[in-house]
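Protein sequences, first through last, are from chains A and B. With this note's numbering applied, the first sequence covers 1 to 280. With this note's numbering applied, the second sequence covers 1001 to 1323.
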Amino acid sequence: MPVYDQSYRRYEARGALRRTRFWPITREALRLILSKRTFLLLLLAAWVPLLGHVAYVYVTTQYPEVGRVAPVDGALFARFFEFQKYFVILLTIFGGAGLVADDLRTGAILVYLSRPLTRRDYVIGKLSVLMALDLSVTLVPGLLFYAVAVALAPDTLLSAELARVPFALIGQALLVSATYSLVGLALSALSRSARVAGLALFGLLTGLELVRLVLTEAFDLPLAALLSLQANLSRVAEALFGVESGAAVSWWAALLVLVAAGAAALAAIRSRVRAVEIVS
Amino acid sequence: MSGTTVTKAPFNQGVGDAPLVEFRELAVWYGRVVALESASGVIRPGATGLLGPNGAGKTTLLRALLGFVPWKSGRLSAFGCDPSREPLEVRRRFGYMPEADCHIGDMTGSAFVAFAGELSGLPRSEAISRAHEVLYYVGLGEARYRTLATYSTGMKQRVKLAQALVHDPELLLLDEPTNGLDPDGREEMLALIGDVARRRQMSLVLSSHLLRDVERVCDEVLVIDQGRVVTSGTIAQLTGQRREVCDVRLKGEVAAFLTDLKDEGGDFQEREDGYRVTLPDDATPELLFRLARDAGVQIRHLRPGAETLEDVFLRAVGHREPG
């Protein structure tokens, strides 16, 4: 019997289109990414700083004199995010570089866009992957850190002075994750190679940071801090956690740069995520 | 979890029923390049061939149907919807098998097809169940747990067909489905597509530059050339209205003979071993003998024949070779 004599069943039970059409895209991409053991190890490693910070809070509760040198305050949480930022970068590079680039290279973009999906559904689906990964190493450990810290040192953490910390944690986690996710996805969309996209993201972030360092340190141009995404995120974190800063750049200018970077990334994604590439 | 409910048109409509797709004076431009210009036609239930040389505008028409490219002027409707205004409604009723590769290499065949089903709006459990069925149907039952990266070209073509079929579309759009296949693979793919069209009663559009593929599978054909639909109808109609043709081998200075033939309203195509001559309406092969005598040419061989779809096609596109 020829193979095509196998059965084929008609399907009539068609329902309404769902609003969460992006969800299968996110779920399948996450499943593929998390099936890689090295990536899981990276995710686990991203929780190590949490242990260190929790241990530090514990030590300050046991030995108050340690707390006098480096108290449990907003700066501690801002520093926690400085650590997590590097894991976010690594997760974005290894998890996000191929998200769109691979679809463009293999033509899978047509599998998505020839379905009842909008380009927005596709982008939301892919962006959610990076957001989920990035929030898993920023928001989740951040809130856990806060909860454990409250349990260990309730008098300090629940004081009016530190009341802003949980909100700052959420805000900073969202900002860090959204910034790197958007920039990572844009670079992925601008390339057909995951490797090139990953290297481009690494090069962009380290390159801009190096330029900032050279311009601020060697040429005494403090406004050059606006060039670096990391520096801008740190500046906003200082403002959110109420850390006194001697930075010459205001937090709102830093935030504005981050918003502009996000908008540019969205524009790049929009221009590249198409079923048909039209070369005029 | 809400959205627009789609009322499906009934399946199994026979050829001659209301058109699934209609386009009138359709013009699509890519920048300054004209891809379709005043293209008009209808696609009815059944198997329709979209035939034309490379660059004729076949893929552009499919892209316009899917709402991928905007059109500059004209009108296009699919299932009574305007694809530019209601792309999601239209796309959920199409199954699209693109010409180029489209796969997610890390996925297994079954995961990929189930994923495609979910993207088309099937519930997850139904998508998984149908993915297995469809993969068996296209002959990938044994290979369905292998990753797509390990598939051969033929298997990739089959899995492309499976992802287009999984949600049981009302109209299957197949863009050059036999591309890159060896002769056996091509035969199998055509058999499969023929089965989809005839036994499963699914309407489909087969876009191809290969006449034999279209002739084998389709009932109707739209011939596109330089962005226009140059001829259309059922294959029976197109080849039924055929003019008489003869394969001839000539000896002598044939230029005058051929000019005279053209003057009489006939036509010819040069073949490897002679000419295929299309006689003017109501003419008989005796005309050829008369013209040969007048031009001083010997007819060394004459075999009356019937005009094939290829002749119709070549006549429609002005003798340019397909592909």
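C-beta atoms are modelled at their ideal positions from N, C-alpha and C, and glycine is treated no differently. If you're wondering where the values come from, they're calculated on a predicted model, not measured in any experiment.
With a cut-off of 8 Å, do at least 3 Cβ pairs link the segment 1194–1201 of chain B to the segment 1028–1044 of chain B? no
Answer yes or no: does any C-beta atom of chain A fall closer than 8 Å to that of Arg1063/B? yes
Below 8 Å between beta carbons: does that hold for Leu32/A and Leu40/A? no
With a CB to CB cut of under 6 Å and the five nearest residues on each side skipped, what residues in its chain are close to Arg1303/B? Asp1247
In chain A, which residues lie less than 9 Å from Thr1250/B when you measure between Cβ atoms? The residue asked about is misnamed: residue 1250/B is Leu in this sequence, not Thr. Here the premise fails: no neighbours, minimum Cβ distance about 46 Å.
Report the neighbours of Val276/A on chain B: residues whose CB is nearer than 8 Å to its CB, in chain order. Arg1063, Phe1068, Val1069
By how many angstroms is the C-alpha of Leu1119/B removed from the C-alpha of Val111/A? 9 Å
Top-ranked residue by Cα proximity to Tyr180/A, from Thr92/A, Ala16/A, Leu255/A: Thr92/A
Rounded to the nearest angstrom, what separates Val196/A and Leu187/A at their Cα positions? 9 Å
Going straight from the alpha carbon of Leu117/A to that of His1132/B, what length do you get? 23 Å
Whole angstroms is fine: what's the gap from Arg18/A's alpha carbon to Leu130/A's? 22 Å
Go to Gln1157/B, then tell me how far its alpha helix (DSSP H) extends in each direction, as first and last residue. 1153–1165
The alpha helix (DSSP H) enclosing Leu1211/B, as first and last residue numbers: 1211–1217
Can you name, in chain order, every residue of its own chain whose Cβ lies under 6 Å from the Cβ of Gly142/A, other than the five neighbours on each side? Leu169, Ala173
With a threshold of 8 Å on Cβ separation, who are the neighbours of Ala29/A within its own chain once the five nearest residues in sequence on each side are excluded? Leu99, Gly125, Lys126, Val129
Identify every residue that forms a DSSP beta bridge with Arg1271/B. Gly1274/B
State buried or exposed for Lys1251/B, treating a residue as buried only when at least 16 other CB atoms are found within 10 Å of its CB. exposed
Using 8 Å as the limit for Cβ to Cβ distance, is Leu1171/B near chain A? no
Cα separation between Leu233/A and Gln84/A? 12 Å
How many Å lie between Met1107/B and Leu135/A at the Cα? 25 Å
The beta strand (DSSP E) that contains Lys1251/B, what's its start and end? 1244–1251
The ligand FMN heavy atoms versus the CB of Ile93/A: any closer than 7 Å? Ligands displayed in this structure: none; no statement on the ligand FMN is therefore possible.
Can you tell me whether DSSP reads Asp1260/B as helix, strand or coil? helix
Closest by C-alpha distance to Ala1164/B, when choosing among Arg1212/B, Ser1073/B, Arg1093/B: Arg1093/B
Chain B partners of Val123/A, CB-CB under 7 Å? Within chain B, no residue comes near Val123/A; the closest Cβ sits about 14 Å away, beyond 7 Å.
Run the CB neighbour count on Asp1263/B, radius 10 Å, all protein chains shown included, and call it buried at 16 or more, exposed below. exposed
Find the nearest neighbour of Glu238/A within the set Phe81/A, Thr60/A, Tyr58/A, Pro222/A, judged by alpha-carbon distance. Phe81/A
Less than 8 Å between the C-beta atoms of Gly1105/B and Gly1227/B, yes or no? no
Ser1129/B by DSSP, collapsed to three states: which one? helix
Can you find a CB in chain A that lies within less than 8 Å of the CB of Tyr1096/B? yes
Only counting the same chain, and skipping five residues up and downstream in sequence, which positions put a Cβ closer than 6 Å to that of Asp102/A? Ala194
Can you tell which of Arg1063/B, Ala1047/B, Pro1019/B has its C-alpha closest to the C-alpha of Tyr1030/B? Arg1063/B
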